[in-house]
Amino acid sequence: MRDSIADTLALLRDAPEDGPDGPTGQTLVAALREGGLLAACGELAHQPADALDLMAALVAIGSASLSAGRLFEGHVNAVKLVKLYAGRAAPCLMKNVASGALFGIWGADGAVPARLEAGVLRGEKLFASGADVVDRAVISVQVEDAPQLLLFTRDQLAGRLHPEEWAVSGMSATASGRCVLEGLKAGDAVPLGQPGDYLAEPHFQGGVWRYAAVQLGAMESLTRIAAHQLQSRDQAAAPLQSLRLRRMLTACETARLWLVQAASAVERLDAPAAAADRAILARLVVADEAKALLAAMDDALGAASFQRAHPAERIRRDLSLYLRQANPDRLSAEVTARVLASGDWS
1 MRDSIADTLA
11 LLRDAPEDGP
21 DGPTGQTLVA
31 ALREGGLLAA
41 CGELAHQPAD
51 ALDLMAALVA
61 IGSASLSAGR
71 LFEGHVNAVK
81 LVKLYAGRAA
91 PCLMKNVASG
101 ALFGIWGADG
111 AVPARLEAGV
121 LRGEKLFASG
131 ADVVDRAVIS
141 VQVEDAPQLL
151 LFTRDQLAGR
161 LHPEEWAVSG
171 MSATASGRCV
181 LEGLKAGDAV
191 PLGQPGDYLA
201 EPHFQGGVWR
211 YAAVQLGAME
221 SLTRIAAHQL
231 QSRDQAAAPL
241 QSLRLRRMLT
251 ACETARLWLV
261 QAASAVERLD
271 APAAAADRAI
281 LARLVVADEA
291 KALLAAMDDA
301 LGAASFQRAH
311 PAERIRRDLS
321 LYLRQANPDR
331 LSAEVTARVL
341 ASGDWS
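Mapping the sequence shown onto UniProt numbering, position 212 (from 1) lands on 212, and the numbers just tick up by one.
See below:
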């Protein structure tokens, strides 16, 4: 596993900037595939032998590219769902994983929510990460009062994907555009589980620790950049700058400790549903620490770090957007209420 992580990291760091805002999704996915991490998810995605191996992979990819990390984390999530719910179809699908196919999971609805009516899909999905590169997509559609997961191939979605509509300031290479589902037949898809299985914990919200681990990778990269630049300016020992660096270092360590706890709790074989709350709390702590780190970095590096060519500039934009996934205010309110009601917090 360490070799796959190191090989993929080297490929990502050497990736050509062949897009308008850094490497394209195709280039990033090629690195993930060639380095071996896409295939490694056959063993890594669901209840790995060591949850910290999965965490290490997520943090490492995030340190090199948040867009690559988002695509990789979506692949991990989708492969986990296949292992949990694909049933007889799982062996064939896992061969696709072993060959380096990229899987994705699209859950956010568009203006017309995704639903199933008389065996036919209606509506659309938004934030379809990797819309220009995924080989197979797990899509959630509403069936009466519960979500059903359906797995489609890229060929089945031909003409329905609109990655060009992704026009935001960060995470450009994820091409998280729109997917039009109108008229697709559910019978052409591979169903994953039964309606409602998708929401089972600790595999649903319990998975939020994974994208927080990707975000930690970016936090560590920004800390290294800030430290290097202040040292090169001979400013690292200045009292205010030293304080800012200390805040960045402790933000990374606080995030890491929460994520180790969350990963270990959620990914173990006998993890209870309640373990998901540890993951949610970790995700929220990481966001808080990341925002504090960004503020400290901005003060430390000043206006120069907002130049397009600065190594921190794209990471700042990407991380600022990524931290908004997904509905953190609701997550915070709900997990706080549950923890207080349980009495298991003092």
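Just so you know, even glycine gets a beta-carbon here, dropped at the ideal spot from N, CA and C.
Taking its Cβ as the centre, do 16 or more other Cβ atoms sit within 10 Å of residue i, making it buried, or is it exposed?
| i | result |
| --- | --- |
| asparagine 77 | buried |
| glycine 187 | exposed |
| cysteine 92 | exposed |
| arginine 330 | exposed |
| valine 168 | exposed |
| threonine 250 | exposed |
| proline 23 | buried |
| alanine 31 | buried |
| glutamine 205 | buried |
| glutamine 148 | buried |
| valine 59 | buried |
| glutamine 241 | buried |
| tryptophan 345 | exposed |
| leucine 9 | buried |
| lysine 95 | exposed |
| aspartate 53 | buried |
| alanine 337 | exposed |
How many angstroms separate the CA atom of residue i from the CA atom of residue j?
| i | j | result |
| --- | --- | --- |
| glutamate 313 | valine 208 | 25 Å |
| arginine 178 | serine 129 | 9 Å |
| leucine 292 | valine 339 | It is worth fixing the name first, because residue 292 is alanine in this sequence and not leucine. Approximately 25 Å between the Cα atoms of the pair. |
| alanine 51 | leucine 184 | 37 Å |
| serine 4 | alanine 265 | 25 Å |
| alanine 112 | tyrosine 198 | It should be noted that the sequence gives valine, not alanine, for residue 112. In a straight line, the C-alpha of valine 112 is about 21 Å away from that of tyrosine 198. |
| arginine 2 | glycine 123 | 42 Å |
| asparagine 327 | glycine 19 | 29 Å |
| alanine 90 | serine 232 | 53 Å |
| valine 79 | aspartate 155 | 19 Å |
| proline 239 | alanine 304 | 20 Å |
| glutamine 325 | aspartate 234 | 37 Å |
In terms of residue numbering, what span does the beta strand (DSSP E) encompassing residue i cover?
| i | result |
| --- | --- |
| tryptophan 166 | Segment: none, tryptophan 166 is in no beta strand (DSSP E) and carries neither H nor E. |
| glutamate 124 | 124–128 |
| arginine 136 | 136–143 |
| leucine 243 | No beta strand (DSSP E) holds leucine 243; the alpha helix (DSSP H) holding it covers 239–266. |
| glycine 119 | No beta strand (DSSP E) holds glycine 119; DSSP gives it neither H nor E. |
| proline 191 | 190–192 |
| arginine 33 | Segment 25–35 is the alpha helix (DSSP H) holding arginine 33; no beta strand (DSSP E) there. |
| glycine 107 | Note, glycine 107: premise wrong, no beta strand (DSSP E); not H, not E. |
| arginine 178 | 177–180 |
Taking the alpha carbon of residue i as the point to measure from, which residue in the options has its own alpha carbon closest?
| i | options | result |
| --- | --- | --- |
| valine 82 | Gly110, Leu44 and Asp50 | Leu44 |
| valine 285 | Pro113, Ala212 and Leu71 | Ala212 |
| valine 48 | Ile225, Leu269, Ala251 and Gln156 | Before going on, a small fix: residue 48 reads as proline here, not valine. Ranking the options by Cα distance to proline 48, first place goes to Leu269. |
| leucine 121 | Ala89, Gln205 and Ala189 | Ala189 |
| alanine 309 | Pro16, Ser4, Thr8 and Asp21 | Asp21 |
| alanine 37 | Phe103, Ala326, Leu161 and Asp197 | The sequence as given places leucine at residue 37; alanine does not occur at that position. Checked all of Phe103, Ala326, Leu161 and Asp197; the closest Cα to leucine 37 is Phe103. |
| residue 348 | Ala98, Thr336 and Arg278 | Nothing in the structure corresponds to residue 348, since the chain is present only between 1 and 346. |
| isoleucine 280 | Arg233, Glu253 and Ala333 | Ala333 |
| leucine 257 | Ala10, Ala56, Gly42 and Gly19 | Ala56 |
| glycine 27 | Leu11, Gly87 and Ala287 | Sequence inspection shows threonine at residue 27; the glycine mentioned does not correspond to that position. Out of Leu11, Gly87 and Ala287, Leu11 has the C-alpha closest to the C-alpha of threonine 27. |
| tyrosine 85 | Gly193, Gly343 and Arg317 | Gly193 |
| alanine 64 | Trp106, Ala15 and Asp299 | Ala15 |
| valine 180 | Ala146, His203, Ser172 and Ser140 | Ser140 |
| isoleucine 162 | Met1, Arg246 and Gly110 | Strictly speaking, residue 162 in this sequence is histidine, with isoleucine absent from that position. Comparing Cα-Cα distances from histidine 162 to each of Met1, Arg246 and Gly110, the minimum goes to Gly110. |
| glutamate 253 | Asp288, Ser232 and Glu267 | Asp288 |
| glycine 107 | Gly119, Arg88 and Leu150 | Leu150 |
Along the chain, where does the alpha helix (DSSP H) containing residue i start, and where does it finish?
| i | result |
| --- | --- |
| leucine 150 | Premise fails: leucine 150 lies in the beta strand (DSSP E), 146–153, not in any alpha helix (DSSP H). |
| arginine 314 | 313–322 |
| proline 328 | 328–342 |
| tryptophan 209 | 208–232 |
| leucine 12 | 2–13 |
| valine 286 | 276–301 |
| valine 82 | 66–85 |
| valine 97 | 90–98 |
Only counting the same chain, and skipping five residues up and downstream in sequence, which positions put a Cβ closer than 8 Å to that of residue i?
| i | result |
| --- | --- |
| valine 143 | Arg115, Leu116 and Pro195 |
| threonine 174 | Gly25, Ser67, Arg70, Leu71, Ser129, Gly130 and Trp166 |
| proline 311 | Ile225 |
| leucine 319 | Leu66, Gly170, Gln215, Ala218, Met219, Leu222, Ala290 and Leu294 |
| glutamine 261 | Arg278 and Ala282 |
| alanine 101 | Leu38, Asp135 and Arg136 |
| aspartate 7 | Glu34, Gly35 and Gly36 |
Within its chain, find whatever has a CB closer than 6 Å to the CB of residue i; leave out the 5 residues flanking it on each side and keep chain order.
| i | result |
| --- | --- |
| glutamate 201 | Ala273 and Ala276 |
| residue 347 | Lying before the first or after the last residue shown, residue 347 is absent from the chain, which here runs from 1 to 346. |
| alanine 263 | Ala51, Met55 and Trp209 |
| arginine 33 | Gly100 |
| serine 172 | Asp21 |
| alanine 296 | Arg244, Arg247 and Met248 |
Excluding the 5 residues preceding and the 5 following residue i in the sequence, name in chain order all residues of the same chain whose CB lies nearer than 7 Å to its CB.
| i | result |
| --- | --- |
| leucine 301 | Ala226, Gln229 and Ala312 |
| serine 176 | Phe127, Ala128, Ser129, Ala131 and Trp166 |
| phenylalanine 306 | Glu313 |
| aspartate 299 | Arg244 |
For the ligand MN, any of its heavy atoms closer than 6 Å to the Cβ of residue i?
| i | result |
| --- | --- |
| isoleucine 61 | The ligand content of the structure shown is nil, which means the ligand MN is not present either. |
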